[in-house]
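Participant: Okay, so the sequence shown: first residue is 25 according to the numbering used here, each after it adds one. Cβ coordinates follow ideal geometry from the N, Cα and C atoms, glycine included.
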Amino acid sequence: MGTTPPRVLAIDLGTSGMKAALVAADGTVTGWAERPVPLVVLPGGGAEQDPHAWWAALREVVADLGRQHPEALAAVTTVCSSTQGEGTIAVDAAGEPLTPCISWLDMRGAPHLRRQFGGFPSYAGMSVRRIARWLRLTGGMPSPTGKDPAAHMLFIRDELPDVYARTATFLNVLDWINLKLTGRTVATVDSILTSWVTDNRRIDKIDYSGPLVADSGIDRDKLPPIVACTEVIGTLSPAAADHLGLPASVQVVAGAIDNTAAAVGAGTTGDNQTHLYVGTSSWIAAHVRRKKTDVFSSIASVPCALPDRYLMTALQATAGVNLTWLRDKVVEHPDPLVGAGHVTRDEGTIFDAFDRILPTVPAGANGVLYTPWLYGERAPVDDPNLRAGFFNISLATNRSDLLRAVFEGVALNTRWLAGAVDRFLGSPVSTMVITGGGAQSDAWCQIFADVLGVEIRRDAHPVAVNVRGAGWIGAVGAGLVSFADIPGLMRNDHVFAPTPAHRATYDEVFAVYQDLHKRLAPVYRRLNA
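#1: Does ARG31 come out as helix, strand or coil in the three-state DSSP assignment?
#2: Kindly indicate which three-state DSSP category GLY495 falls into: helix, strand or coil?
#3: So, are the CB atoms of PRO166 and LEU137 less than 7 Å apart?
#4: Taking all protein chains shown into account, decide if GLU371 is buried (16 or more other Cβ within 10 angstroms of its Cβ) or exposed.
#5: If we call anything under 7 Å between Cβ atoms a contact, is THR337 one with ASN283?
#6: Thinking just about the alpha-carbon of each residue, which of VAL536, ARG181, VAL274 and ASP295 is nearest to the one in PHE414?
#7: Since VAL457 contacts GLY294 with CB under 8 Å, what's their CB separation in whole angstroms?
#8: Since TRP2 and VAL288 are thought to touch, with beta carbons under 8 Å apart, how far apart are those beta carbons, to the nearest angstrom?
#9: What is the residue span of the alpha helix (DSSP H) that ALA87 lies within?
#10: Is the distance from the Cβ of VAL434 to the Cβ of ALA343 below 7 Å?
#11: Under 8 Å, with one C-beta from each stretch per pair, do the stretch 203 to 222 and the stretch 179 to 188 reach the 3-pair mark?
#12: Determine the direct distance from the alpha carbon of GLY51 to that of THR28, and round the result to whole angstroms.
#13: Does DSSP classify LYS43 as helix, strand or coil?
#14: Out of HIS76, THR395, LEU161 and ALA553, point me to the one whose CA is closest to THR218's CA.
#15: With 16 other CB atoms within 10 Å as the buried threshold, where does ASP474 fall?
#16: State the CB to CB distance for the pair THR102 and GLY400, rounded to an integer number of angstroms; the pair is presumed to be in contact (CB under 8 Å).
#17: Rounded to whole angstroms, what's the CA-CA distance from TYR334 to THR317? Just pull it up for me.
#18: Using a 10 Å radius around the Cβ and a threshold of 16 neighbouring Cβ atoms, would you call HIS76 buried or exposed?
#19: Roughly how many angstroms separate the alpha carbons of VAL64 and PHE378, rounded to a whole number?
#20: Note down the Cα distance separating LEU72 from PRO249, rounded to an integer number of angstroms.
#21: Give the C-beta separation of ARG31 and ALA48 to the nearest angstrom, bearing in mind that I take them to be a contact with Cβ-Cβ under 8 Å.
#22: Beta-carbon within less than 7 Å of ILE230's beta-carbon, same chain only, minus the 5 sequence neighbours each way: which residues are those?
#23: Extract the residue ranges of the alpha helix (DSSP H) inside the stretch 299 to 366, only unbroken runs of 4 or more that lie entirely within it.
#24: Report yes if the C-beta distance between PHE144 and MET150 is below 7 Å; otherwise report no.
#25: So, with DSSP's three-state summary, where would you put TRP556?
#26: DSSP three-state call for GLU255: helix, strand or coil?
#27: Let me know the secondary structure DSSP gives ASP130 once reduced to three states.
#28: Since ASP517 is in the beta strand (DSSP E), which residue starts that stretch and which ends it?
#29: Short of 6 Å in beta carbon distance, which residues of its chain neighbour LEU382, apart from the five on each side in sequence? Order them along the chain.
#30: Would you please state the rounded distance, in angstroms, between the beta carbons of CYS125 and VAL197? I believe it to be under 8 Å.
#31: May I ask you to report which of helix, strand or coil DSSP gives ILE201?
#32: Using only the alpha-carbon positions, how far apart do GLY109 and SER215 sit?
#33: GLY69: which of ALA134, ALA98, GLU95 and ASP36 sits nearest, CA to CA?
#34: Is MET165 helix, strand or coil by DSSP?
#35: Note down, one range per segment and in chain order, each alpha helix (DSSP H) of at least 4 residues found wholly within the stretch 460 to 491.
#36: Going by DSSP, which residues form a beta bridge with SER106?
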């Protein structure tokens, strides 16, 4: 290995595909490789992926890294993963999948959830008594949409009884990858969360709750043992070592699901340090000292990678996908936007095209407002019926006005969410790290700073936040660094300060934005319920 410092092979498995990079203990990311993995959408609300396709893609991305950076790959001592969450795979006693992965997008379990957990009085088809117990013990509750393992497992039990009978263990996405890497069956404190069967009141003793497991309708022996995200769960199995071309002595750290890893990768491991992730969806998150749930704003603090902290996450349903929609569904003729998202940043991305246009429109988008609720909303209101819309369009409105209104609309929604976050944390946030693909836009970063009225510090490599997070979790597990060291290792490439001249404009626009929600929510309920 020469003088090359130890590296963590950081795996980032998202819905769109498999990515991997080589991460040093100081957060340096060497190499980047990815392969797409198909998502199969089925009638009736189904959405699945093939776990074997993940495993094949992992071999390919590791081989790519080896060709590009052989010295760094040879320095790998640890493997650690960050994956999409809320997926479910039924595996047999030999660890082989009995089903495709039921994705976090899959809603087929919703009616089974209502049958299992119904009762009077009810909310969203589930017993209020049960909801109160979930909130008290876990910090949250199953999604009424059926998009989490609590519903997925019931779907398999009721619709695929032969598969259920043969199931040795139900695993989340992260858990299955770890099984393939080590041969060991475990869940992490965060991957098990959305099975809604754990008692999370003591952060140092996350364990199954007997009453919740009994009520879940799933046999206790089909649930895996729980470990900390930083636990070394073994070394590569001979089959995994051969598959990846790595020594069998390489250790495997349990890792975390994506939003947990991003909170580490953003460098925000100190108390109440916030980051704003802007991708397809977006969230504001911060590590906090105690378990807490704000049922009115749908914000909770839940177990995470830090062994003595919870992670507060306030999730917005749609952010960057509004830009994808605008590009693909509105801008359909040749111009700088079309095709701009399919090249590297050095050659010019979709965000470079946006950044040329946005500064030509004044703050407030010449009076045009946009609500970004393309897929409903999660927080600060949980309302699947909300929809997106442009307001105050006139004959004078042009495409550039509409474009800026979309960027501002996402930022206005984030300001709405930030108010709930301030109340949750007990003090106003004055600065936050911005990360994720959306942070590549200079203009959007400035809009966030102006609309929120806070300092925005941009991650120097925002698209690498998850692999960096997985790398740091792996490095902590391997004893190469501590979580307390991470804020000092984080690199920001620019600080965006609020523009004082824009404050009055955005204060007025935000007041109108909130009024639009109040007036339109009943209309959307009539149209979409």
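Facilitator: Looking at the coordinates:
#1: strand
#2: helix
#3: yes
#4: Legend: pLDDT at GLU371 = 42, less than 50; position of this residue unreliable, value from coordinates given subsequently. GLU371 is exposed by the Cβ-count criterion.
#5: yes
#6: VAL536
#7: Contact doesn't hold; Cβ gap of about 11 Å is too wide.
#8: The structure shown does not extend to residue 2, since the chain is modelled only from 25 through 553, so no value can be given for it.
#9: 75 to 92
#10: Between VAL434 and ALA343, the CB-CB gap stays under 7 Å.
#11: no
#12: Taking the CA atoms as reference points, THR28 sits about 14 Å from GLY51.
#13: strand
#14: LEU161
#15: buried
#16: That belief does not hold up - the Cβ atoms of THR102 and GLY400 are roughly 39 Å apart, past 8 Å.
#17: If I take the Cα positions, the gap works out to 11 Å.
#18: Counting the other Cβ atoms within 10 Å of the Cβ of HIS76 gives fewer than 16, which makes it exposed.
#19: 31 Å
#20: Residue 72 is actually Glu in this sequence, not Leu. Rounded to whole angstroms, GLU72 to PRO249 spans 25 Å at the Cα level.
#21: 6 Å
#22: VAL213, THR222, ASN224, ILE250 and PRO327
#23: 345 to 349
#24: no
#25: Outside the displayed span of the chain (25 to 553) sits residue 556, for which this structure offers no information.
#26: Residue state, collapsed to three classes: coil.
#27: Coil, per DSSP.
#28: 516 to 520
#29: ARG428 and ALA467
#30: 6 Å
#31: If DSSP states are grouped into helix, strand and coil, ILE201 belongs with the helices.
#32: 7 Å
#33: ALA134
#34: coil
#35: Unbroken alpha helix (DSSP H) runs of no fewer than 4 residues, entirely contained in the stretch 460 to 491, are found at 466 to 476, following chain order.
#36: ASP36 and ALA280
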